[in-house]
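**Student:** Chains as they are written, first to last, in the numbering used here: chain A, 1 to 650; chain B, 1001 to 1041. Note that beta-carbon positions come from the ideal geometry of N, C-alpha and C, so glycine has one too.
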């Protein structure tokens, strides 16, 4: 459902500016949203370096965008208060990329019914449809799951839904604000002719016999086998959990058939990194001995080493037996490489071995921690109070916990808590600008098709609680007493998050619960670097700017209005207007009140040329006239007219 | 366990884009689109 016209397209790499007005959490979430574009589409984002057109994201009133590239230079996109959810930002940027809302398609009425008398008066036009002369469906069927679809309660005047899907099962699907749907991606990649993405590298569920081009290692003592079942486990693969008869394969290393210390190596195909950092994710099942282990190696190729240099990256030990478990391994490879999975037979007795499935490799950052919640189904609806994660430490050393609430009949909630930890004496309090990102993982085998649900919370050191204390102060000071399951006492700070993280309906959909396991991926990043008003980049026309000269200083610019979207800036202590410009037009004047364009220049040039020509013509004619007159005088009538006989000789 | 000691930033309501804009009194095209004359549909 995109706007028609090539002039609305952006380049594949979109220049952007995150204005200082944005909330800190919003800045972090916007950068996370860009990572989702980089993983699943060919759209990339880069800080503005003076390109003619760029998107300026600022904290306006509400969440809104324009449609397509308006080619106005500085194109605004507002991420205001409460808009700092990743899918909201993905939604607004899809507008900027040229997409309308899904239910405004010309064929909308084939799929949903609009209940007009339940719409707030005056808002009916929000439900207009537009024919295929003005918007293009890109040949993709109507998409109930689109991140661009209204929810069933949009603009309702009461409690009844304004949209009723003709297929009832989709009633609670429309209006999802989790992630791009498959069709969103299909349309976007079709509109921008994407054939690859910046950060996706590989995904393998071993359903195809070519096993994604993986090869058996050489020099090892056993091979990995492609199986769909092992007597000692797993009974089925992880991709489909055995739901598909005749399908569902994984790779298995039978450690019971080799002696202690024997290894089987499985190598990935050759991979070509672009960003220099990667995250390897896969599911692992251990049905061998508790001492079996899986080693992850990298074979990196460089000019000097034709066969590549093999380096051990991680040793995965103490692998729990009897269930599929998710693992992440961060990599840092800059040259062509292969990933090697080395299964090693441990000393203990083995009845089976190691199995791997659903491998994904992308040039993204791995989550810092994984909270695996087992037997989740029985917890839903039965848990009163909150479920707490194990304690984790952030890279900066802050101890934290996540809490999940499942007792509300409609929504599950999620909260981030700081807790007392071993490093507290050396840390800064209140905790400054740590962004906690909590992701409920959609366990789809292919990372590109996952629609994970995510929320971020940032610790603002100046935030105060109802009682006036600093919210993110030291937990031993402001927190409550609590006990770990082993009885150890600690103090837990107040949690911050949302009671409306995801509905129970959605939680039970897709692959959020798989093998009765739920995974919450956790990352706590220091985003204080986003807080400084860093000097703005130098536009290509060479006029250096610093954020102080571009960022309006409230005092000088308050009463200094610029017209035609001009921006007030302070230069040499004086308020001035910076005027917008386009490819062939610009505004000028002290207040950007005058408009200029290359057409004017052409007119001025032509008219001045004509004027000069006219003047020269007049001058030429005059000079010819004067010359002839003088010539005629010289040879004039006095000689010619004097009779000869009257002449006197002296 | 002690009572669930938290601050709910959503106040218990799952606010969509259009709810947020409506509460602010914005009257944008289809709730969150800023159109200019050239693009009026």
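Leaving out five residues on either side along the sequence, give the residues of the same chain with a beta carbon under 6 Å from the beta carbon of residue 34(A).
**Tutor:** As a position in the first chain, residue 34(A) is number 34, starting the count at 1. Correct list, in chain order: 45.
**Student:** Decide if residue 79(A) is buried, meaning its Cβ has at least 16 other Cβ atoms within 10 Å, or exposed.
**Tutor:** Locating residue 79(A) in the first chain gives position 79, where the first residue counts as 1. Buried, since its Cβ has 16 or more Cβ neighbours within 10 Å.
**Student:** What separation, rounded to the nearest whole angstrom, lies between the Cα atoms of residue 297(A) and residue 264(A)?
**Tutor:** Position 297 of the first chain, counted from the first residue, corresponds to residue 297(A). Position 264 of the first chain, counted from the first residue, corresponds to residue 264(A). Going from the Cα of residue 297(A) to the Cα of residue 264(A) covers about 12 Å.
**Student:** Does the beta carbon of residue 496(A) come closer than 7 Å to any beta carbon on chain B?
**Tutor:** Indexing the first chain from 1 puts residue 496(A) at position 496. Cβ-Cβ to chain B under 7 Å: yes for residue 496(A).
**Student:** Would you kindly check if the distance between the Cβ of residue 500(A) and the Cβ of residue 1016(B) is under 7 Å?
**Tutor:** Stepping through the second chain from its first residue, residue 1016(B) is reached at position 16. Stepping through the first chain from its first residue, residue 500(A) is reached at position 500. Contact: no.
**Student:** Can you find the residues in the same chain that come closer than 7 Å, C-beta to C-beta, to residue 240(A), ignoring five residues on each side of it along the sequence?
**Tutor:** Within the first chain, numbered from 1, the residue matching residue 240(A) stands at position 240. Excluding residues within five positions, the ones whose Cβ falls inside 7 Å are 247 and 248.
**Student:** Check each candidate in 4(A), 39(A) and 432(A) and name the one with the smallest Cα separation from residue 473(A).
**Tutor:** The sequence position of residue 473(A) within the first chain is 473, counting from 1. Considering only alpha carbons, the answer is 432(A).
**Student:** How many Å lie between residue 294(A) and residue 355(A) at the Cα?
**Tutor:** By one-based count along the first chain, residue 294(A) stands at place 294. By one-based count along the first chain, residue 355(A) stands at place 355. Going by the C-alpha atoms only, they are around 10 Å apart.
**Student:** Can you pull out the residues from the region 132-154 of chain A whose beta carbon lies closer than 9 Å to at least one beta carbon of chain B?
**Tutor:** Listed by position along the chain: 134, 135, 150, 151, 153 and 154.
**Student:** Any beta carbon from chain B within less than 7 Å of residue 470(A)'s own beta carbon?
**Tutor:** Along the first chain, read from residue 1 onward, the residue named residue 470(A) stands at position 470. No, residue 470(A) does not count as interfacial toward chain B.
**Student:** Looking at the unbroken beta strand (DSSP E) that takes in residue 302(A), where does it start and where does it end?
**Tutor:** Residue 302(A) sits at position 302 when you count from the first residue of the first chain. Residues 293-302.
**Student:** Going by the beta-carbon positions, is the gap between residue 588(A) and residue 579(A) smaller than 7 Å?
**Tutor:** The residue you call residue 588(A) lines up with position 588 of the first chain. The residue you call residue 579(A) lines up with position 579 of the first chain. Their beta carbons are under 7 Å apart, which means residue 588(A) touches residue 579(A) by this criterion.
**Student:** Put residue 647(A) into one of helix, strand or coil per three-state DSSP.
**Tutor:** If you number the first chain from 1, residue 647(A) lands on position 647. Note that residue 647(A) scores 39 on pLDDT, short of 50, meaning its location in the model is unreliable and no value can be drawn from it.
**Student:** Where do the ends of the alpha helix (DSSP H) carrying residue 29(A) lie?
**Tutor:** By one-based count along the first chain, residue 29(A) stands at place 29. First-last of the alpha helix (DSSP H) with residue 29(A): 24-40.
**Student:** Name the chain B residues whose beta carbon is nearer than 7 Å to that of residue 229(A)?
**Tutor:** As a working mapping, residue 229(A) is identified with position 229 in the first chain. Within chain B, no residue comes near residue 229(A); the closest Cβ sits about 42 Å away, beyond 7 Å.
**Student:** Please determine, among 494(A), 506(A), 609(A) and 497(A), the residue with the shortest C-alpha to C-alpha distance to residue 441(A).
**Tutor:** By 1-based counting over the first chain, the position of residue 441(A) is 441. Per the Cα distances, 506(A).
**Student:** Residues in its own chain within less than 7 Å of residue 490(A) by CB, not counting five upstream and five downstream?
**Tutor:** Locating residue 490(A) in the first chain gives position 490, counting from the first residue. Around residue 490(A): 419, 420, 482 and 484.
**Student:** If we define contact as Cβ-Cβ less than 7 Å, is residue 10(A) a contact residue for chain B?
**Tutor:** Taking the first residue of the first chain as 1, we reach residue 10(A) at position 10. Judged by the 7 Å Cβ criterion, residue 10(A) is not in contact with chain B.
**Student:** Roughly how many angstroms lie between the CA atoms of residue 477(A) and residue 522(A), to the nearest whole one?
**Tutor:** Numbered from its first residue, the first chain carries residue 477(A) at position 477. Numbered from its first residue, the first chain carries residue 522(A) at position 522. Those two C-alpha atoms are separated by around 25 Å.
**Student:** Beta-carbon separation of residue 337(A) and residue 271(A) under 7 Å?
**Tutor:** As a working mapping, residue 337(A) is identified with position 337 in the first chain. As a working mapping, residue 271(A) is identified with position 271 in the first chain. Contact: yes.
**Student:** Would you check if the region 251-261 of chain A and the region 209-222 of chain A touch, i.e. whether three or more CB-CB distances between them fall below 8 Å?
**Tutor:** A contact exists between the region 209-222 of chain A and the region 251-261 of chain A.
**Student:** Can you grab the Cα-Cα spacing for the pair residue 1027(B) / residue 1021(B), in whole Å?
**Tutor:** What you label residue 1027(B) is simply residue 27 of the second chain in a count that begins at 1. What you label residue 1021(B) is simply residue 21 of the second chain in a count that begins at 1. Taking the straight line joining both Cα atoms gives about 8 Å.
**Student:** Kindly list the residues whose CB is nearer than 6 Å to the CB of residue 95(A), restricted to its own chain and excluding five residues on each side of it in sequence; keep chain order.
**Tutor:** Translated into positions along the first chain, residue 95(A) becomes position 95. Correct list, in chain order: 65 and 67.
**Student:** Is the region 157-174 of chain A close to the region 189-202 of chain A, with three or more CB pairs under 8 Å?
**Tutor:** Too few Cβ pairs lie closer than 8 Å, so no.
**Student:** Could you tell me whether the Cβ atoms of residue 351(A) and residue 232(A) are closer together than 7 Å?
**Tutor:** Residue 351(A) sits at position 351 when you count from the first residue of the first chain. Residue 232(A) sits at position 232 when you count from the first residue of the first chain. A contact, by the Cβ cut-off of 7 Å.
**Student:** Mind the definition here: the region 107-123 of chain A touches the region 82-90 of chain A only if three or more C-beta pairs lie below 8 Å; say whether that holds.
**Tutor:** These segments do not touch.
**Student:** Cβ-heavy atom distance between residue 371(A) and the ligand SAM below 6 Å?
**Tutor:** In the structure shown, the ligand SAM is absent, as is every other ligand, since no ligand is present at all.
**Student:** Could you pull the start and end residues of the beta strand (DSSP E) that residue 243(A) belongs to?
**Tutor:** Here residue 243(A) corresponds to residue number 243 of the first chain, with the count starting at 1. Unbroken run through residue 243(A): none, as it is neither H nor E.
**Student:** Does the CB of residue 444(A) have a neighbour CB from chain B at under 7 Å?
**Tutor:** On the first chain, position 444 is the one that residue 444(A) refers to. Cβ-Cβ to chain B under 7 Å: no for residue 444(A).
**Student:** Measuring only between beta-carbons, confirm whether residue 1012(B) sits less than 7 Å from chain A.
**Tutor:** Looking up residue 1012(B) in the second chain gives position 12. Taking Cβ atoms only, chain A reaches closer than 7 Å to residue 1012(B), which makes this a yes.
**Student:** Could you tell me whether the region 4-16 of chain A touches the region 142-150 of chain A, where touching means 3 or more Cβ pairs closer than 8 Å?
**Tutor:** No, because fewer than three Cβ pairs between the region 4-16 of chain A and the region 142-150 of chain A fall closer than 8 Å, the two stretches do not touch.
**Student:** Quick one: measure Cβ to Cβ for residue 106(A) and residue 143(A), integer angstroms, because I've assumed they're closer than 8 Å.
**Tutor:** Your numbering for residue 106(A) matches position 106 in the first chain. Your numbering for residue 143(A) matches position 143 in the first chain. About 14 Å; that fails the 8 Å criterion.
**Student:** Taking 7 Å as the CB-CB cut-off, is residue 368(A) touching chain B?
**Tutor:** Here residue 368(A) refers to the residue found at position 368 when the first chain is read from its first residue. So, not an interface residue.
**Student:** Can you tell which of 502(A), 423(A), 175(A) and 390(A) has the C-alpha that lies nearest to the C-alpha of residue 486(A)?
**Tutor:** Taking the first chain and counting its residues from 1, one reaches residue 486(A) at position 486. Minimum Cα distance to residue 486(A) is reached at 390(A).
**Student:** Which chain B residues are close to residue 415(A), counting only those with a beta carbon under 7 Å from its beta carbon?
**Tutor:** Position 415 of the first chain, counted from the start, is the residue given in the question as residue 415(A). The contacting residues are 1006.
**Student:** Put residue 116(A) into one of helix, strand or coil per three-state DSSP.
**Tutor:** Stepping through the first chain from its first residue, residue 116(A) is reached at position 116. Residue 116(A): helix per DSSP, three-state reduction.
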